[in-house]
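To keep things clear, I will list the structure first and then write my remarks on it.
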Amino acid sequence: MRVLVFTHMYPTNQHPEYGVFVQQQVESLRKEGVETDVLFVNPKTSKWNYPWSLFRLLKRAYTRRYDLIHAHYVFAGLVARCQFHLPLVVTHHGDETFHGWQRRLCWGISRLASGVIVPSAEVKRAIGLEDAAVIPCGVDFELFKPMAQDLSRKELGLPQGKGLILFAGDYLKQLKRFDLIQEAVALVKAKAQDVDLVVAFKQPYEKIPLYMNACDVLVLASDREGSPQVIKEAMACNLPVVTVNVGDTSEVLEGVDGCHVCEQNPEEIASKLFSVLSSHRRTNGRELTRRYEIQGIAKKIINEYEKVLGDRLRPGLSLFCG
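Residue 61 is where the sequence shown starts when you use the numbering used here, and the numbers rise one by one after that.
Structure (structure tokens):
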């Protein structure tokens, strides 16, 4: 099988965190034997890259041999559906499906695609498509794993002997509600002076596990999320989490000791952060989140590819042996 992954999000030297989950998914599919090419059109360099990407996509679709196109996000899906030469699988990653004019576009392209993948049941409800497959992004358990806290802090230059609260993500995005996190941390500091807020933003992806092992708790307060990857990555590192009830956080954290799903207000967030910091404990998250291991997720995506291509296969013939 040969697949063209078409995306407007992919890591660059300037933005190593940009769409890294798409890159990881591509690499995991390759490990499972899927011949995968990537067509990345970067809108950060120019918004004109959106319409111009149509010509690049059509050239690829009609001059190279692919079995299907897998588009990530709504705009890539819309461009990819301008051709009907190849089947189209679209993945919606979350926020764009919930509000405004993008939500209507997501609804429309979902009904024009050959297959649709969403990260959570909440996103599935947002697009209203019963046939959509719920497949969250997977976690690299070889990269995200428990490590010694003192050594992780030393490597990052973070202080020893302090309570460290981690925010990992783009704090400039309003929907991430970094303002609530700052208020909550200020309330925690009023009770415990030896506490700092650590922000991991625009960091090389390989460094994020160090931050998760160096810190004592991860905090998330977003207005909207699909299936926040950072929660699953924290679980793989046994890092306690305090989060608002958004996306699939309640499902991911079910049964995990030392984690809290709370109301979206600074007082409640601060109370749970203080509780975690006072306990000085890690979690059992890693053993309970193996279902999100990246190669297992890759197999589920391949299964969706096979469903889409079912009419092209001979009866009884599987595309993959592994």
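Backbone N, C-alpha and C fix where the C-beta goes; we use that ideal spot for every residue, glycine too. Here the structure is a predicted model, which means the values were calculated and not measured.
message: Please give the ranges of any alpha helix (DSSP H) in the stretch 97-141, keeping only runs that are unbroken, at least 4 residues long and fully inside the region.
response: When DSSP assignments are scanned along the stretch 97-141, the uninterrupted stretches of alpha helix (DSSP H) that are 4 or more residues long and fall wholly within it turn out to be 109-123 and 134-140.
query: For the beta strand (DSSP E) that Cys322 lies in, which residues bound it at each end?
result: His320 to Cys322
query: Which residue comes first and which comes last in the beta strand (DSSP E) that contains Ile241?
result: From DSSP, Ile241 is part of no beta strand (DSSP E) but of the alpha helix (DSSP H) over Phe238 to Lys251.
- prompt: What are the uninterrupted segments assigned as beta strand (DSSP E) that are 3 or more residues long and contained completely in the stretch 268-296, given in chain order?
  reply: Here the runs fully enclosed are 277-280.
task: Rounded to whole angstroms, what's the CA-CA distance from Leu226 to Lys233? Just pull it up for me.
output: Spanning the two alpha carbons is a distance of roughly 17 Å.
query: Is there contact between the stretch 241-254 and the stretch 141-154, where contact requires at least three CB pairs shorter than 8 Å?
result: no
query: Any idea if Tyr122 is buried or exposed, counting beta-carbon neighbours within 10 angstroms, 16 or more meaning buried?
result: exposed
Extent of the continuous alpha helix (DSSP H) run through Val301: That residue, Val301, is in no alpha helix (DSSP H); its beta strand (DSSP E) goes Val301 to Val304.
query: When the Cα atoms are used, what is the spatial distance from Asn344 to Glu95?
result: Approximately 36 Å, taken between the alpha carbons.
- request: Look up Leu348 in the DSSP assignment and say whether it is helix, strand or coil.
  value: Reduced to three states, the DSSP call for Leu348 is helix.
task: Starting from Thr151, follow the beta strand (DSSP E) in both directions and report where the run begins and ends.
output: Leu148 to Thr151
- prompt: Opposite Arg213 in the DSSP bridges: which residues?
  reply: In the DSSP output, where bridge partners are listed per residue, Arg213 has none listed.
query: Nearest to Val194 by CA position, among Ile241, Lys262 and Thr151, is which residue?
result: Thr151
task: Taking 8 Å as the cut-off, decide whether the C-beta atoms of Met295 and Arg341 are in contact.
output: Not in contact: Met295 and Arg341 (Cβ atoms no closer than 8 Å).
task: In the DSSP assignment, find the alpha helix (DSSP H) that holds Ala358 and state where it starts and stops.
output: Ile354 to Val368
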